[in-house]
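Heads up, the thing below is written out as structure tokens.
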Amino acid sequence: MVYDRNAHFGGHTASHVLAGGFIFDQGPHVSFATDERVQRILADAVDGHYEDVGIALDSYWQGRILTHPLQVNLHGLPPELIVRILLDMVAVSTEVSDESPPRDYESWLRRSYGDTFAETFPITYGQKYHTTSMANLTTDWLGPRMYRPSLEEALRGAVSTAPIRNLHYVTHFRYPTYGGYQSYLTSWVKRADVRLDHEVVRIDPRARTLRFANGHTAAYAELISSIPLPELIPRIDGVPDEVLDASRRLAFSSVVLVNLGIDRPGIGGQTHIRYVYDADIPFSRISFPHRLSPRVVPDGASAIQVEWYFSDKYRPLTTCPEALIAPTVAHLRSMGILKGGDMVLASEAVVARYANVIYDHDRTAALATIEEFLDQIGIHRCGRYGEWNHLWTDESFLSGERAAEAALGEARTARQPRIPYLESAGQA
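Position in the sequence shown counted from 1, then plus 551, gives you the numbering used here.
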């Protein structure tokens with residue numbers, strides 16, 4: 552049994568149609584799973600109708616369009632800036648290190664790239680994307696996300712006019728041909744018992760019962776939740792004060808997605824995602840959904856999605872989301888993405904309350920306290936916000952699979968196979 556608080560299924564994998572036939576996802580979603588079994592499952596879910604694309608990423612800085620990642624594509628920057636960056640990189644590559652791990656993400660950036668590059672690009676970008684200082688972040692989330700080049704790679708990228716590509720953690724991706732990213736879930740929902748408009752408001756772990764905002768109640772044998780932990784914990788009866796306090800210390804970003812349908816084809820050229828490094832441009836990324844599949848826009852049109860990040864803890868949203876549409880259009884025109892004659896056919900500002908987990912220094916201890924409590928009362932967790940981890944789609948899928956296997960094991964032991972699953976704002 553699957554309960555979802557929304558009137559639609561899919562959490563962040565949901566897609567919707569904007570006026571005129573533009574299909575937008577909740578953020579730039581693509582599948583770059585390397586697990587062949589997961590690839591096969593997702594392909595089967597859309598009957599093999601998917602786009603298989605080599606990703607094209609670039610960066611915008613002070614009027615320049617530069618190849619991503621910048622740290623190996625310095626060519627095109629002002630010569631004096633390249634010199635300072637390379638001198639710093641030489642210094643950090645030759646300095647004697649005590650090999651102790653960096654204290655925080657800012658220290659990691661400075662140790663990896665030197666001060667000039669770190670301050671000009673990832674620190675500036677990170678302030679917009681993470682909504683807090685880089686010194687306030689740990690490095691637990693990094694994984695393959697930030698490429699650390701050798702000095703030779705940086706030098707080659709500075710003197711060569713040939714861009715160095717395929718060093719990003721995503722090189723190819725798949726995307727459903729029809730219906731947006733949500734299409735991956737449609738066939739699964741048809742085979743499942745999904746109850747929409749069921750927001751859980753109380754969980755009684757002793758009686759093993761659920762109470763919903765619509766007045767319904769349900770008993771459970773085993774429970775799996777992808778509800779964001781700051782929302783899950785207050786809904787559980789008998790939560791100790793220290794666990795409730797821990798849930799309040801977890802930080803996350805919210806995103807306002809400004810979605811635009813434009814009356815001209817081919818906007819953005821070959822680019823799928825563009826990173827914006829200028830401090831005076833307040834949004835961090837631009838994506839072009841028509842590059843994912845041509846079937847998500849009407850003929851002769853383009854789509855643009857722009858991401859503005861906020862957070863309750865560090866940078867609250869203090870304006871009406873719709874107020875961000877006009878400045879977004881103005882910046883896109885000043886950046887040359889929109890031309891003088893381009894007409895905006897459709898526009899909206901969509902708020903996704905949970906965007907990214909913020910890996911600040913409170914996270915590790917707070918999460919450990921919460922996990923210990925949930926293990927004690929037998930609530931299984933999955934997904935980005937259930938695990939409170941920066942999971943990608945394939946990782947979220949496998950997270951749900953692990954939770955289901957654990958719950959089934961417990962249910963078999965107790966001879967009670969009924970397993971409710973709660974979904975709220977997370978990935979299915």
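Even glycine gets a Cβ: it sits at the ideal position worked out from N, Cα and C.
- Taking the Cα positions, Leu617 is about 8 Å away from His626.
- Rounded to the nearest angstrom, the Cβ distance from Leu780 to Ser798 is 6 Å, consistent with a contact under 8 Å.
- For Phe763, the enclosing beta strand (DSSP E) begins and ends at Thr760 to Phe763.
- Secondary structure note for Pro727: it is in no alpha helix (DSSP H), and the uninterrupted beta strand (DSSP E) holding it is His723 to Pro727.
- For the pair of segments examined, the stretch 726-733 was found to touch the stretch 841-856: the number of CB pairs separated by less than 8 Å reaches three.
- Burial of Thr671 is indicated by the presence of at least 16 other C-beta atoms within 10 angstroms of its C-beta.
- Closest in alpha carbon position to Ser947, among Gly562, Ala607 and Glu657, is Gly562.
- Beta-bridge pairing by DSSP links Ile813 to Ser853 and Val895.
- Boundaries of the alpha helix (DSSP H) around Gly951: Thr944 to Ala965.
- The stretch 937-953 makes contact with the stretch 576-588, as at least three CB pairs between them are under 8 Å.
- Under the 10 Å beta carbon count, Cys871 is surrounded by fewer than 16 other beta carbons and is classified as exposed.
- Per DSSP, reduced to three states, the secondary structure at Val597 is coil, with no helix or strand assignment.
- For Tyr936, the enclosing alpha helix (DSSP H) begins and ends at Gly934 to Glu938.
- By the neighbour-count criterion, in which 16 or more other beta carbons inside 10 Å mark a residue as buried, Thr879 falls on the buried side.
- By the Cβ criterion, the stretch 766-779 is not in contact with the stretch 873-888, since fewer than three pairs of Cβ atoms, one from each stretch, lie closer than 8 Å.
- For the stretch 738-792, the full-length beta strand (DSSP E) segments reaching 3 residues or more read 751-755, 760-763, 768-770 and 774-776 along the chain.
- Relative to Gly766, the option among Thr682, His749 and Leu628 whose CA is nearest is His749.
- The stretch 652-712 contains no complete beta strand (DSSP E) run of 3 or more residues.
- Judged by their CB atoms, Asn557 and Leu736 are not nearer to each other than the 8 Å cut-off.
- With distances taken between CA atoms, Ile784 lies nearest to Glu938 out of Glu938, Gln678 and Gly578.
- Three or more Cβ pairs closer than 8 Å define a contact, and the stretch 685-697 meets that threshold against the stretch 649-666.
- In summary, Asp555 is buried, with 16 or more beta-carbon neighbours lying within 10 Å of its beta-carbon over all protein chains present.
- Assignment of Arg866 by DSSP, reduced to helix, strand and coil, places it in the strand class.
- A distance below 7 Å between beta-carbons, with the five flanking residues on each side excluded, links Phe724 to the following residues of its chain, in chain order: Val581, Ser582, Phe583, Val604 and Ile606.
- Contact between Trp612 and Tyr860 does not hold, since the beta-carbon distance rounds to 18 Å and is not under 8 Å.
- In terms of Cβ geometry, Ile813 and Ser853 form a close pair [threshold 8 Å].
- If you check the CB distance, Val807 and Val902 come in under 8 Å.
- Collapsing the DSSP output to three states places Val827 in a strand.
- DSSP, reduced to helix, strand and coil, places His841 within a helical segment of the structure shown.
- Between Val857 and Pro756, the alpha-carbon positions lie close to 41 Å from each other.
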